[in-house]
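K.L.:
Pasting a structure here, questions to come.
Numbering (the working numbering), first residue to last: 32 to 352.
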């Protein structure tokens, strides 16, 4: 059977130190029928030239140079010109195993899945490359995977964009784009793609290597941008409510309050009073509409959080540690 074209979109902004390692790992894929779309999102370092050099060296590489619009805008730009039947998004400071596309494509086609996903491994400068796993691929519905992630059984999958292969028409059929101007853009988007996927296949191997570095959104000093993660989770609540998905709605409400407690604790430790106030005000709004869906222990805990946020967020941190 002839392999179908897979589009790989890589948004790029000021990552000259890591870019070659990322692109080289993509061009070395054992699955060769790929187009690699490098989206220069107005980078001010040597990334634009590096992109052009790759385009000259490999006919599979396409380059978009655009004004800086953020990660979502760059992903959307790549999505708009992608020609593949399948699409994946890799971050430009990460690295991938040379079989990631072959494994994910095989999982999709053999299981007639709309999305396939693999495990990921965090690394700083070194990575183990431990991708050996004799567990069979697992087939499930998108809704089942959403439930697993909410229940903490999908930690190595998560609501991230970059360890997944999607049928491109999922975006087109359901008019899904990444929200321009928002951080935590995959938290706004991935659950929708999973929800509309009739079938998802999990490849239980660590094939994606996520670089943990200073300066990224999740590893920098607290800022109000972090609140967009909570906003995205509130949007998910409204989405499931509109779809009358009560089981997922209950999980999303619990997820929302858990994220709010964690983020409040980070804001409090950073003495960001504006964030603390907004988190509590927003939580009250969600509480008034959806608190009845929480099981009684969670309802008690999060109710106490609204009254004694500093104390409860500290307790929550100690529990998680």
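Backbone N, C-alpha and C define an ideal beta-carbon position, used for all residues, glycine too.
Would you mind listing the beta strand (DSSP E) stretches within the region 187-236 that are 3+ residues and don't spill past its ends, in chain order?
P.N.:
Complete beta strand (DSSP E) runs here, min 3: 195-198.
K.L.:
Checking the sheet assignment: what are the DSSP bridge partners for residue 68?
P.N.:
Per DSSP, 40 and 93.
K.L.:
Take every Cβ of the region 115-132, pair it with every Cβ of the region 46-58, and state whether three or more of those distances are shorter than 8 Å.
P.N.:
In short, these stretches touch, since the Cβ pair count reaches three.
K.L.:
Taking DSSP as the reference, what is the three-state secondary structure of residue 178?
P.N.:
Helix.
K.L.:
Less than 6 Å between C-beta atoms, sequence neighbours within five positions excluded: which residues of the same chain meet that for residue 118?
P.N.:
Closer than 6 Å at the Cβ level, and outside the excluded window around residue 118, lie 38, 197 and 199.
K.L.:
Could you give the distance in angstroms between the alpha-carbon of residue 103 and the alpha-carbon of residue 207?
P.N.:
C-alpha separation (whole angstroms): 12 Å.
K.L.:
Quick check: the Cα distance between residue 350 and residue 175, rounded to an integer number of angstroms?
P.N.:
Their Cα atoms are separated by approximately 27 Å.
K.L.:
Can you tell me whether residue 286 is helix, strand or coil according to DSSP?
P.N.:
Helix, per DSSP.
K.L.:
Just tell me which of 346, 83 and 101 has its CA closest to the CA of residue 94.
P.N.:
If we check each option's Cα against that of residue 94, 83 comes out closest.
K.L.:
Residue 317 and residue 268 look like a contact to me (Cβ under 8 Å); what is the Cβ gap, rounded to whole Å?
P.N.:
Right, the Cβ-Cβ distance comes to about 7 Å (below 8 Å), so this counts as a contact.
K.L.:
Between residue 314 and chain B, is the shortest Cβ-Cβ distance under 8 Å, so that the two count as touching?
P.N.:
Given the protein chain composition of this structure (a single chain), no chain B is represented.
K.L.:
With which residues is residue 169 paired in a DSSP beta bridge?
P.N.:
DSSP lists 233 as partners of residue 169.
K.L.:
If we call anything under 8 Å between Cβ atoms a contact, is residue 346 one with residue 313?
P.N.:
Cβ distance not < 8 Å, so residue 346 and residue 313 don't count as in contact.
K.L.:
Consult DSSP for residue 242 and reduce its assignment to one of helix, strand or coil.
P.N.:
Note: residue 242 maps to strand in three-state DSSP.
K.L.:
Pair every Cβ in the region 133-144 with every Cβ in the region 65-77, then say whether three or more of these pairs are closer than 8 Å.
P.N.:
Short answer: they don't touch.
K.L.:
Kindly provide the ranges of any alpha helix (DSSP H) runs that are 4 or more residues long and lie completely inside the region 105-162, ordered along the chain.
P.N.:
List check, alpha helix (DSSP H) in window: 131-142.
K.L.:
What separation, rounded to the nearest whole angstrom, lies between the Cα atoms of residue 295 and residue 49?
P.N.:
Each residue's alpha carbon lies about 32 Å from the other.
K.L.:
Going by DSSP in three states, residue 35 sits in which element: helix, strand or coil?
P.N.:
Note: residue 35 maps to coil in three-state DSSP.
K.L.:
Closer than 8 Å is the cut-off here; do at least three beta carbon pairs connect the region 285-300 with the region 237-245?
P.N.:
Touching, no.
K.L.:
Considering just the uninterrupted stretch of the alpha helix (DSSP H) at residue 270, what are its terminal residues?
P.N.:
Residue 270 -> alpha helix (DSSP H) spans 258-273.
K.L.:
Can you tell which of 132, 106 and 111 has its C-alpha closest to the C-alpha of residue 237?
P.N.:
Closest by alpha carbon: 132.
K.L.:
Please report the straight-line C-alpha distance between residue 114 and residue 320, rounded to a whole angstrom.
P.N.:
Each residue's alpha carbon lies about 43 Å from the other.
K.L.:
Work out the CA separation of residue 202 and residue 235 for me, nearest whole Å.
P.N.:
Each residue's alpha carbon lies about 25 Å from the other.
K.L.:
Could you give the distance in angstroms between the alpha-carbon of residue 177 and the alpha-carbon of residue 271?
P.N.:
Looking at the two C-alpha atoms, the distance is approximately 11 Å.
K.L.:
Could you spell out the range, first to last residue, of the alpha helix (DSSP H) harbouring residue 353?
P.N.:
As displayed, the chain neither begins before 32 nor continues past 352, which places residue 353 out of reach and without an answer.
K.L.:
Considering only C-alpha positions, which residue in the set 89, 213, 273 and 227 is nearest to residue 255?
P.N.:
The residue with the shortest Cα to Cα distance from residue 255 is 213.
K.L.:
Using the beta-carbon count (16 or more within 10 Å), is residue 147 buried or exposed?
P.N.:
The residue is buried, with at least 16 neighbouring Cβ atoms inside 10 Å.
K.L.:
Under a three-way DSSP split, which group does residue 49 fall into?
P.N.:
In the structure shown, residue 49 sits in coil (DSSP, three-state: anything other than H, G, I, E or B).
K.L.:
Using only the alpha-carbon positions, how far apart do residue 35 and residue 64 sit?
P.N.:
Cα to Cα, residue 35 sits roughly 7 Å from residue 64.
K.L.:
To the nearest angstrom, report how far apart residue 337 and residue 167 are at their CA atoms.
P.N.:
For residue 337 and residue 167, the distance between alpha carbons rounds to 44 Å.
K.L.:
How close, in whole Å, do the beta carbons of residue 219 and residue 266 come, if the pair is a contact with beta carbons under 8 Å?
P.N.:
Indeed, because the Cβ distance is near 6 Å, the residues count as touching under 8 Å.
K.L.:
Got a sec, what are the start and stop residues for the alpha helix (DSSP H) residue 330 sits in?
P.N.:
Where residue 330 is concerned, the enclosing alpha helix (DSSP H) stretches over 327-338.
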